[in-house]
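Number of protein chains: 2
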Amino acid sequence: MAKRKDVTKEQIIEIAAMMVRTRGCNGFSTRQLADEVGISSASLHHHFTTKDDLIAAVAATCRDRVNRSQGVIAAEIEGFALHLSHSSQALGDDALLIAMLAADFPTLPAKSQDEARQLIANLRGWLSRFVAQARTDGELPEDAVPDQVAGNVLAEILGSALLQRVALPGTLPVPPMTWGWQRVD
Amino acid sequence: MAKRKDVTKEQIIEIAAMMVRTRGCNGFSTRQLADEVGISSASLHHHFTTKDDLIAAVAATCRDRVNRSQGVIAAEIEGFALHLSHSSQALGDDALLIAMLAADFPTLPAKSQDEARQLIANLRGWLSRFVAQARTDGELPEDAVPDQVAGNVLAEILGSALLQRVALPGTLPVPPMTWGWQRVD
DNA sequence: GTCTATAGACCGATAGAC
DNA sequence: GTCTATCGGTCTATAGAC
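Read top to bottom, the protein sequences are chains B and Y. Counting in our numbering, the first sequence runs from 11 upward without gaps. Counting in our numbering, the second sequence runs from 11 upward without gaps.
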């Protein structure tokens with residue numbers, strides 16, 4: 011009967027992810043996170059010795075989530091644009107989390123940078139493979155470069171997540187994803 | 011003959027903008043900025059009393075630049091997708107700067123938040139008007155919603171600026187902008 | 001695994017001399 | 001307009017008791 015709260019790493023990571031989304035990796039302190047979790051700063055550092063370890067764990071957990079959601083999405087949806095629209099929805103809060111990791115990337119310590127890079131590479135790679143399949147199916151021009159299209163799609167997903175929070179209160183709702191493809195000569 | 015360096019606000023803003031792009035608003039200190047400029051922390055605070063004043067000035071300066079570049083772009087380019095591709099290029103480093111302001115937005119103090127909001131609203135508004143014109147010219151479907159398309163375009167510009175820095179060294183070059191439009195029912 | 005207490009560095013900002 | 005010096009606060013991280 012856990013008298014001593016026995017907070018789990020998973021709980022900490024979840025709240026840390028929330029703080030990365032809302033404040034960025036450099037926008038919150040380990041103390042503030044500890045307060046939010048409900049433990050002391052020292053207890054937090056018992057679970058994650060350094061902030062680097064913590065952010066890296068947040069990124070790694072996100073990567074697991076994203077990789078799992080990919081299978082679900084691929085099995086359910088048909089059609090390129092529609093598929094990508096649903097991909098964005100499936101990412102949910104992770105779109106913003108990934109965007110913040112990308113924004114803070116140059117200031118992240120080693121482990122965190124490695125995890126963030128793998129997370130984004132995984133996601134882009136998967137999008138790229140889907141684009142390649144869509145091209146094979148005739149949904150895209152033959153000369154479409156899958157990795158480029160995947161980059162464009164991922165850029166819009168991340169950028170859209172950021173823009174949502176800057177909107178003036180009481181104006182423009184979030185633009186739904188409506189991708190397409192067009193040659194630019 | 012400025013013996014006392016007589017650093018101008020413009021010089022400070024320029025270097026501050028660089029630090030916002032590379033480290034984010036919460037990723038550098040006023041001390042580090044002062045060192046980079048080559049003056050003392052006290053001198054920096056003489057020009058900008060608070061960090062809020064500084065970031066707000068960076069955003070305001072960016073907005074001026076963006077607003078000026080809009081006229082240039084509109085006069086030179088024809089064609090929707092091609093135009094937008096050039097818009098992205100014209101923004102240059104400002105795309106990343108705007109993306110970082112959006113990422114840090116929730117943690118910014120009052121003045122900075124106001125300036126960042128105006129900057130993004132200006133840019134999106136201009137993109138929206140361009141989209142409306144392109145629709146009138148028959149380059150887009152009649153039921154395209156200009157503000158939504160503008161949001162999608164801006165999202166990709168900002169997201170693309172972020173993603174460029176996360177690329178693994180020695181891999182994927184930046185995907186060029188190749189927007190298009192397609193109904194999603 | 002939790003805590004209190006604290007180290008040592010850095011933070012934003014100010015005082016006051018020149 | 002620049003500087004040195006410093007204030008009071010926060011930062012990440014650790015020591016050591018329970």
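Ideal Cβ placement from N, Cα and C applies to all residues, glycine included. In this text, all values refer to a predicted model and were calculated from it rather than measured experimentally.
Give me the Cβ distance between Ile25 (chain Y) and Val47 (chain Y), rounded to the nearest whole Å; I'm assuming they're in contact under 8 Å.
5 Å
If Thr209 (chain B) and Arg33 (chain Y) are in contact, beta carbons under 8 Å, what's the gap, nearest whole angstrom?
There is simply no residue 209 (chain B) to check, as chain B begins at 11 and stops at 195 in what is shown.
Glu46 (chain B) touches chain Y at which residues, Cβ-Cβ below 7 Å?
Near Glu46 (chain B) there are no residues of chain Y at all, since even the closest Cβ is about 15 Å away, more than 7 Å.
Quick one, which residues of the segment 97–111 of chain Y are near chain B if we go by CB-CB under 9 Å, in chain order?
Ala109, Met110 and Leu111
Below 7 Å between beta carbons: does that hold for Glu125 (chain B) and Ala69 (chain B)?
yes
Whole angstroms are fine: how far does the CA of Val155 (chain Y) sit from the CA of Thr59 (chain Y)?
43 Å
Where does Val47 (chain B) sit, in a helix, a strand or coil, going by DSSP?
helix
Sequence-distant residues of its chain with Cβ nearer than 7 Å to Ile49 (chain B) (five each side left out)
Lys15 and Val17
Looking at the ligand GTP, does it come within less than 6 Å of Glu46 (chain Y), judged from the CB to the closest heavy atom?
Inclusion of the ligand GTP in the displayed structure is not the case, the ligand content being empty and no account of it being possible.
Are the CB atoms of Leu54 (chain B) and Ala67 (chain B) nearer to each other than 7 Å?
no
CB-CB under 7 Å to Ala12 (chain Y), same chain, minus the five flanking residues each way: which ones, in chain order?
Because the pLDDT of Ala12 (chain Y) is 42, which lies under 50, any placement of that residue in the model is unreliable, and the number read from its coordinates should be weighed accordingly. Counting only Cβ-Cβ distances below 7 Å, and skipping sequence neighbours, we find nothing.
Can you list, in chain order, the residues of the segment 54–85 of chain B whose Cβ is nearer than 9 Å to any Cβ on chain Y?
none
Chain-ordered chain Y contacts of Glu166 (chain B) [CB-CB under 8 Å]:
Asn162, Ala165, Glu166 and Gly169
Under a three-way DSSP split, which group does Phe140 (chain B) fall into?
helix
Ala113 (chain Y) versus Gly37 (chain B): straight-line alpha-carbon distance, rounded:
10 Å
With 7 Å as the limit, tell me which residues of the segment 112–146 of chain Y have their beta carbon closer than that to any beta carbon of chain B; keep them in chain order.
Ala112, Ala113, Asp114, Phe115, Pro116, Thr117, Ala126, Arg127, Ile130 and Ala131
Excluding the 5 residues flanking Asn77 (chain B) on each side, which residues of the same chain have their C-beta closer than 7 Å to its C-beta?
Asn132
Is the beta carbon of His56 (chain B) less than 7 Å from the beta carbon of Lys19 (chain B)?
no
contact_flag[the segment 169–181 of chain B, the segment 160–175 of chain Y] where n(CB pairs < 8 Å) is 3 or more
yes
Using 8 Å for Cβ pairs, my map puts Ala144 (chain Y) next to Leu137 (chain Y). What's the rounded Cβ distance?
Between Leu137 (chain Y) and Ala144 (chain Y) the Cβ distance is about 10 Å, and since that is not below 8 Å, they are no contact.
Tell me which residue opens and which closes the alpha helix (DSSP H) that Val176 (chain Y) is part of.
It is not in any alpha helix (DSSP H) - Val176 (chain Y) carries neither H nor E in the DSSP assignment.
The alpha helix (DSSP H) spanning Val30 (chain Y) covers which residue range?
Lys19 to Arg33
Which residue comes first and which comes last in the alpha helix (DSSP H) that contains Ala154 (chain Y)?
Run containing Ala154 (chain Y): none; DSSP gives neither H nor E here.
Does any C-beta atom of chain Y lie closer than 7 Å to the C-beta of Val148 (chain B)?
It should be noted that the sequence gives Gly, not Val, for residue 148 (chain B). Cβ-Cβ to chain Y under 7 Å: no for Gly148 (chain B).
Going along the chain, which residues of the segment 27–43 of chain B sit with their C-beta nearer than 8 Å to a C-beta in chain Y?
Thr32, Arg33, Gly34, Asn36 and Gly37
With distance defined between alpha-carbon atoms, name the residue in Y:Thr71, Y:Leu107, Y:Asp103 and Y:Gly135 nearest to Ala177 (chain B).
Y:Gly135
Contact list for Val176 (chain B) against chain Y, beta-carbon separation under 7 Å:
Ala112, Phe115, Ala126, Arg127 and Ile130
Do you know how far the Cα of Gly148 (chain B) is from the Cα of Asp62 (chain B)?
45 Å
Under the three-state reduction of DSSP, which class applies to Leu118 (chain B): helix, strand or coil?
coil
Go through its chain and collect everything with a Cβ distance to Leu64 (chain Y)'s Cβ below 7 Å, but skip five positions before and after it.
Ala26 and Phe58
Where does Thr146 (chain B) land, buried or exposed, given buried means 16+ other C-beta within 10 angstroms?
exposed
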